[in-house]
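In numbering that gives the first Met the number 0, the protein residues as written are 0 to 173. Glycine included, each C-beta is placed from N, C-alpha and C at the ideal position.
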Amino acid sequence: MSEVETTNDQTPAPKRKDKKPSRSQLRSASRRLALQAVYQWQMNKTAVSEIETQFVMDQDRDMDSCDKVYFRELLQGVTASAKKLDALFEELLDRPLSELDPIELAVMRIGAFELSQRLDVPYRVAINESVELAKGFGATESHKYVNGILDKLAQRVRREEIAARREANKVSNK
Numbered sequence: 000m001s002e003v004e005t006t007n008d009q010t011p012a013p014k015r016k017d018k019k020p021s022r023s024q025l026r027s028a029s030r031r032l033a034l035q036a037v038y039q040w041q042m043n044k045t046a047v048s049e050i051e052t053q054f055v056m057d058q059d060r061d062m063d064s065c066d067k068v069y070f071r072e073l074l075q076g077v078t079a080s081a082k083k084l085d086a087l088f089e090e091l092l093d094r095p096l097s098e099l100d101p102i103e104l105a106v107m108r109i110g111a112f113e114l115s116q117r118l119d120v121p122y123r124v125a126i127n128e129s130v131e132l133a134k135g136f137g138a139t140e141s142h143k144y145v146n147g148i149l150d151k152l153a154q155r156v157r158r159e160e161i162a163a164r165r166e167a168n169k170v171s172n173k
């Protein structure tokens, strides 16, 4: 054995520091937790403050891996404006709102909230994140349905942003 190998065997590898999650990873985690909280609110109409407390105090939920402020904004914003959010996408549905799967409804409410109220979130991010939630928590094909509805909603509420993106794509393709 060479001296280098001996040294390598005897010297433990330096410990890696765990990489901090990115802002987008923290927000994705916030959306997952907010979906669960909104679903709980929809199903049993527990007070939002009580649901929030349950999530913050529950050791099984990894609130440290999310943006707690964003979680709170989503939970409070979606539940406070649920009727307004429903009105934004209800006419785009192919069935009555009451026939939507509760997970699909919660996902679309979160997506509609981000599209209409969180202009700092690009429309493509809002739609993609909602699609990922539907894939993870919804029925087998629900992500396609959610994508279609939120894409149509984005055409209405983010018209200028979409037009600017299309124009930028035209310029870059020349």
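What do you reckon, are the CB atoms on Leu73 and Ala133 nearer than 7 Å? Contact: no.
First and last residue of the uninterrupted alpha helix (DSSP H) at Asn168: Membership of Asn168 in the alpha helix (DSSP H) is indicated by the continuous run Arg158 to Ser171.
Given a cut-off of 7 Å, decide if Val170 and Asn146 are closer than it, judged by their beta-carbon atoms. Their beta carbons are not under 7 Å apart, which means Asn146 does not touch Val170 by this criterion.
The stretch 104-118 touching the stretch 51-63, judged by at least three CB pairs closer than 8 Å: No: fewer than three Cβ pairs fall under 8 Å.
Close beta carbons around Arg158, own chain, < 8 Å, minus the five adjacent residues each side: Leaving aside the five residues that flank Arg158 on each side, none in its chain has a CB nearer than 8 Å to its CB.
Hey, how far is the Cα of Thr139 from the Cα of Glu128? Computed Cα separation, rounded: 17 Å.
In angstroms with no decimal places, state the Cα-to-Cα distance between Lys18 and Asp59. A straight line joining the alpha-carbon of Lys18 with that of Asp59 spans about 22 Å.
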